[in-house]
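Sequential numbering of the sequence shown, starting at 34, is according to the working numbering.
In this text, a Cβ means the ideal position worked out from N, Cα and C, and glycines have one as well.
For clarity, every value in this text was computed on a predicted model and none was experimentally measured.
Step one of this worksheet: look at the structure below.
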Amino acid sequence: MSSGRINDSLGMSVMRVAILNPMFGKDFTKSARWFARSRGRVQRHPDYLAYAAAVIEEAGNEILFRDLQAKNLPSQDFVEDLKKFKPDMVVCQTSTPSIYGDIESARIFKEATGALSVFVGSHTSAAPDHALKDANGAVDACAIGEFDYTLRDLADGTALKDCAGLAYWDNGEVKRTPERAYIEDLDSMPFPAWQHLDINDYHDGAKLFPFLTSITGRGCRYRCSYCQIPQVMNGHVYRTRSVENVVDEMERNLKLFPNLKEIMFEDDTLTMRVARDRLIELCEEIIRRDLPLSWSANARVDLNDVETLKLMKRSGCRMLCVGFEFGDQQVLNNVKKGTTIDQMYTFAENAHKAKVRIHGCFMFGGPGETWKTAQKTIKMSQELKIDTAQFTGVVAYPGTTYYDWAKGGGHLIPEDWRQWVDEEFEQRTVVELPDLSKDEINQLIDEGLRKFYLRPAQMARMAVNIRGWADVKAKYHGLKSFIGYFSAQGRKPFTGFTGNN
Numbered sequence: 034m035s036s037g038r039i040n041d042s043l044g045m046s047v048m049r050v051a052i053l054n055p056m057f058g059k060d061f062t063k064s065a066r067w068f069a070r071s072r073g074r075v076q077r078h079p080d081y082l083a084y085a086a087a088v089i090e091e092a093g094n095e096i097l098f099r100d101l102q103a104k105n106l107p108s109q110d111f112v113e114d115l116k117k118f119k120p121d122m123v124v125c126q127t128s129t130p131s132i133y134g135d136i137e138s139a140r141i142f143k144e145a146t147g148a149l150s151v152f153v154g155s156h157t158s159a160a161p162d163h164a165l166k167d168a169n170g171a172v173d174a175c176a177i178g179e180f181d182y183t184l185r186d187l188a189d190g191t192a193l194k195d196c197a198g199l200a201y202w203d204n205g206e207v208k209r210t211p212e213r214a215y216i217e218d219l220d221s222m223p224f225p226a227w228q229h230l231d232i233n234d235y236h237d238g239a240k241l242f243p244f245l246t247s248i249t250g251r252g253c254r255y256r257c258s259y260c261q262i263p264q265v266m267n268g269h270v271y272r273t274r275s276v277e278n279v280v281d282e283m284e285r286n287l288k289l290f291p292n293l294k295e296i297m298f299e300d301d302t303l304t305m306r307v308a309r310d311r312l313i314e315l316c317e318e319i320i321r322r323d324l325p326l327s328w329s330a331n332a333r334v335d336l337n338d339v340e341t342l343k344l345m346k347r348s349g350c351r352m353l354c355v356g357f358e359f360g361d362q363q364v365l366n367n368v369k370k371g372t373t374i375d376q377m378y379t380f381a382e383n384a385h386k387a388k389v390r391i392h393g394c395f396m397f398g399g400p401g402e403t404w405k406t407a408q409k410t411i412k413m414s415q416e417l418k419i420d421t422a423q424f425t426g427v428v429a430y431p432g433t434t435y436y437d438w439a440k441g442g443g444h445l446i447p448e449d450w451r452q453w454v455d456e457e458f459e460q461r462t463v464v465e466l467p468d469l470s471k472d473e474i475n476q477l478i479d480e481g482l483r484k485f486y487l488r489p490a491q492m493a494r495m496a497v498n499i500r501g502w503a504d505v506k507a508k509y510h511g512l513k514s515f516i517g518y519f520s521a522q523g524r525k526p527f528t529g530f531t532g533n534n
């Protein structure tokens, strides 16, 4: 059982807080936008959890911060270490497909320690009542939305009923406290608690190894129907940190990990038009400090200024992760992407001129999607001047307008959260559209991957782009992942469609 609070040298009360990302399945990831064992076998850093861990530690509490998923370490195997720490509170990261597993982990931890159990993440922000009822006492509360200060207040001793931003379990009943306001002064927050994790646990074939993520701002003004984090976690106003604060974090990361090769800016869209002046200032500040780091970022195709792209390149921008999404304008409009096909080609051409690599993201399954519109997406992926690509079915996550559309229209397939991924923890198609079946969507994903990567010109481009040992390691991981994905699933060559076109 928990030993209760300890006192520091000044007689102040200090709480022991375990901050955990429980394992669900081998190589599963809860920190990417799609919760699954990714086809590229990517393992993402628990970035939001790392910022919250730093907030709790800065408030004077003792923390144990562990990413069990990155280690592929089952919760049961971690119990003895947890018991030695004697936590007063255990915080667990969750996701939609893993929620039942997360509840079981919470039950194991609670039985071993008796600590207050709190869930965080976009799934339990969107569906806290489901989680608490399913947990039936194994979880005491779910933090809703931005959870940094919610967890800090709980660690400071605030009672569940008095802590803003919570849904909590009270004698068999779910109760809610008032909403917590978004954090306005992001500069006041400490840098993420990366020192507690092993950065060698995180791989991504599109990034140099080792890399770290950084969040320079929260919220996104765009309203893409499928994007969960702005809709349930941090809102539609882009709140930013100062340029100096962001680059200070980069310098601090280099001091922590001198072998660090790349920073991935994980803002929903660092390059959005309303923040373009700040982007330019960020590039200039990185150049001024002469940091020996590459960086990458998420970007939209409305970044069409080649001079800005060249400045980004000079400041160390190596790669942009870009949501092209669909090759049909009407489907783009249906998901409220707010971009055009013409912008995509212009952007890719300008990025190529600036020598910035592009990782393109493509999807199948938007409202109105058909076989013909999906083929446009595959064709466009091959025509764009981009370097790497990923293909996925649109996933309907709770709290999104796409989920509401799919469920309301009878298009949603799964009957429980576990069915959001398959038996191997790979992403599963979760919608059945009037003109495109789930099997056809799965075939399209594999066809897109093969037709993009198995072109001689593409293989040559990727070979030419190798610039050093960090690139070699990243590409080797990507190649193994590509082969492993198809081998593990026993996938056969694409044979065409059987359903409606």
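So, with DSSP's three-state summary, where would you put R347? Sequence index remark: in the sequence shown, residue 347 carries index 314 (1-based). Helix at R347.
In or out: L53 buried (at least 16 other Cβ within 10 Å) or exposed? As a position in the sequence shown, residue 53 is number 20, starting the count at 1. With 16 or more other Cβ atoms within 10 Å, it is buried.
Return the CA-CA distance between D203 and A168, expressed in angstroms with no decimal places. One-based indexing of the sequence shown puts residue 203 at position 170. One-based indexing of the sequence shown puts residue 168 at position 135. Looking at the backbone, the Cα of D203 and that of A168 are separated by about 12 Å.
If we ignore side chains and look at the alpha-carbon of each, how far apart do N267 and D437 end up? Numbered from its first residue, the sequence shown carries residue 267 at position 234. Numbered from its first residue, the sequence shown carries residue 437 at position 404. C-alpha of N267 to C-alpha of D437: approximately 19 Å in a straight line.
If you count every other CB in all the chains shown that lies within 10 Å of the CB of L487, and 16 or more means buried, which is it? Mapped onto the sequence shown, residue 487 falls at position 454. Exposed is the label assigned to L487, since fewer than 16 other Cβ atoms lie within 10 Å of its Cβ.
A332 versus D173 - alpha carbon distance: Taking the first residue of the sequence shown as position 1, residue 332 is located at position 299. Taking the first residue of the sequence shown as position 1, residue 173 is located at position 140. So the two alpha carbons sit approximately 38 Å from each other.
Identify, in the order they occur along the chain, each residue of the same chain with its Cβ nearer than 8 Å to the Cβ of Q363, setting aside the five sequence neighbours on each side. Here the question's residue 363 lines up with position 330 in the sequence shown. Closer than 8 Å at Cβ, skipping near neighbours: G401 and T406.
Grab me the residues of E318's own chain with a C-beta within less than 6 Å of its C-beta, minus the 5 sequence neighbours each way, in chain order. Here residue 318 refers to the residue found at position 285 of the sequence shown. Closer than 6 Å at Cβ, skipping near neighbours: V276 and V280.
Are the CB atoms of D181 and A86 nearer to each other than 7 Å? Reading the sequence shown from its first residue, position 148 is the one you call residue 181. Reading the sequence shown from its first residue, position 53 is the one you call residue 86. Not a contact, by the Cβ cut-off of 7 Å.
Tell me I391's beta-bridge partners as DSSP assigns them. Here residue 391 corresponds to residue number 358 of the sequence shown, with the count starting at 1. Paired residues: L353.
Considering only residues of the same chain and omitting the five flanking positions on each side of C196, which have a CB-CB separation below 7 Å? Counted from its first residue, the sequence shown places residue 196 at position 163. For C196, same chain residues with a beta-carbon under 7 Å away, outside a window of 5 residues either side, are T183, D186, L187 and T210 in chain order.
Using a Cβ-Cβ cut-off of 8 Å (strictly less than) and excluding sequence neighbours within five positions of V151, which residues of its own chain qualify? Residue mapping note: residue 151 aligns to position 118 of the sequence shown, counting from 1. Residues M122, V123, V124, C125, V172, D173, A174, C175, A176, L184 and L187 of the same chain have their beta carbon placed closer than 8 Å to that of V151, with the five preceding and five following residues left out of the count.
Residue range of the unbroken beta strand (DSSP E) whose run includes E295: Residue 295 sits at position 262 when you count from the first residue of the sequence shown. First-last of the beta strand (DSSP E) with E295: E295 to F298.
In three-state terms, what does DSSP make of C257? Numbered from its first residue, the sequence shown carries residue 257 at position 224. It is coil, neither helix nor strand.
Relative to the alpha-carbon of T341, which residue among M413, R306 and G371 has its alpha-carbon at the smallest distance? Residue mapping note: residue 341 aligns to position 308 of the sequence shown, counting from 1. T341 has its Cα closest to that of R306, out of M413, R306 and G371.
Which partner residues does N331 have in the DSSP bridge list? By 1-based counting over the sequence shown, the position of residue 331 is 298. Bridge partners of N331: C354.
Could you pull the start and end residues of the alpha helix (DSSP H) that R311 belongs to? Locating residue 311 in the sequence shown gives position 278, counting from the first residue. Run containing R311: R309 to R322, per the alpha helix (DSSP H) assignment.
Since A145 is in the alpha helix (DSSP H), which residue starts that stretch and which ends it? Within the sequence shown, residue 145 is the residue found at index 112, counting from 1. First-last of the alpha helix (DSSP H) with A145: I132 to T146.
A13 vs T421 beta-carbon contact at 7 Å: Outside the displayed range of the chain (34 to 534) lies residue 13, so it cannot be described from this structure.
Ordered along the chain, which non-local residues of its own chain (more than five positions away) have a Cβ less than 6 Å from that of G426? Mapped onto the sequence shown, residue 426 falls at position 393. So the qualifying residues of the chain are F397, G398, T462 and I474.
Note down the Cα distance separating L315 from R321, rounded to an integer number of angstroms. Numbered from 1 along the sequence shown, position 282 holds the residue referred to as residue 315. Numbered from 1 along the sequence shown, position 288 holds the residue referred to as residue 321. Straight-line spacing of the CA atoms in L315 and R321 works out to 10 Å.
Excluding the five sequence neighbours on either side, which residues of its own chain have a C-beta within less than 8 Å of the C-beta of E212, listed in chain order? Counted from its first residue, the sequence shown places residue 212 at position 179. Cβ within range, chain order: I177, G178, A197 and G198.
Using beta-carbon positions only, say whether G252 and V265 come within less than 7 Å of one another. Position 219 of the sequence shown, counted from the first residue, corresponds to residue 252. Position 232 of the sequence shown, counted from the first residue, corresponds to residue 265. Pairing G252 with V265 gives a Cβ-Cβ distance that is not under 7 Å.
Inter-residue Cα distance where the pair is I232 and F244: As a first step, residue 232 must be located in the sequence shown, where it is residue number 199. As a first step, residue 244 must be located in the sequence shown, where it is residue number 211. So the alpha carbons of these two residues sit roughly 7 Å apart.
So, helix, strand or coil for E382, using DSSP? For this step, residue 382 is matched to residue 349 along the sequence shown. Note: E382 maps to helix in three-state DSSP.
Got a sec, what are the start and stop residues for the beta strand (DSSP E) Q423 sits in? By one-based count along the sequence shown, residue 423 stands at place 390. Here the beta strand (DSSP E) through Q423 covers T421 to G426.
Grouping DSSP H, G and I as helix and E and B as strand, with all else coil, what is I262? Position 229 of the sequence shown, counting from 1, holds the residue named residue 262. Helix, per DSSP.
Please classify N292: is it buried, with 16 or more other beta-carbons within 10 angstroms of its beta-carbon, or exposed? As a first step, residue 292 must be located in the sequence shown, where it is residue number 259. That one is exposed.
Considering only residues of the same chain and omitting the five flanking positions on each side of C257, which have a CB-CB separation below 7 Å? Here residue 257 refers to the residue found at position 224 when the sequence shown is read from its first residue. Closer than 7 Å at Cβ, skipping near neighbours: V368, K369 and K370.
On a Cα-Cα basis, can you pick out the residue from L353, T372 and M297 that is closest to K388? Your numbering for residue 388 matches position 355 in the sequence shown. For the residues L353, T372 and M297, the minimum Cα distance to K388 belongs to L353.
Taking the straight line between their C-alpha atoms, what separation do you get for V88 and Y215? Translated into positions along the sequence shown, residue 88 becomes position 55. Translated into positions along the sequence shown, residue 215 becomes position 182. The alpha-carbon atoms of V88 and Y215 are separated by roughly 15 Å.
Contained beta strand (DSSP E) runs [length at least 3] in the stretch 197 to 271, N- to C-terminal order: Qualifying beta strand (DSSP E) stretches, in chain order: 199 to 203, 206 to 209 and 244 to 247.
A159 lies in the alpha helix (DSSP H); which residues open and close that run? Here residue 159 corresponds to residue number 126 of the sequence shown, with the count starting at 1. In the DSSP annotation of this structure, the continuous segment of the alpha helix (DSSP H) that includes A159 starts and ends at S155 to A159.
Classification of G44 by the beta-carbon crowding that lies within 10 angstroms, buried from 16 upward: Taking the first residue of the sequence shown as 1, we reach residue 44 at position 11. Low confidence applies here, because G44 scores a pLDDT of 40, under 50, leaving its location unreliable; read the following figure in that light. Result: exposed.
Rounding to the nearest angstrom, what Cα-Cα distance links S247 and L289 in this structure? The residue you call residue 247 lines up with position 214 of the sequence shown. The residue you call residue 289 lines up with position 256 of the sequence shown. Rounded to the nearest whole angstrom, the C-alpha separation of S247 and L289 is 14 Å.
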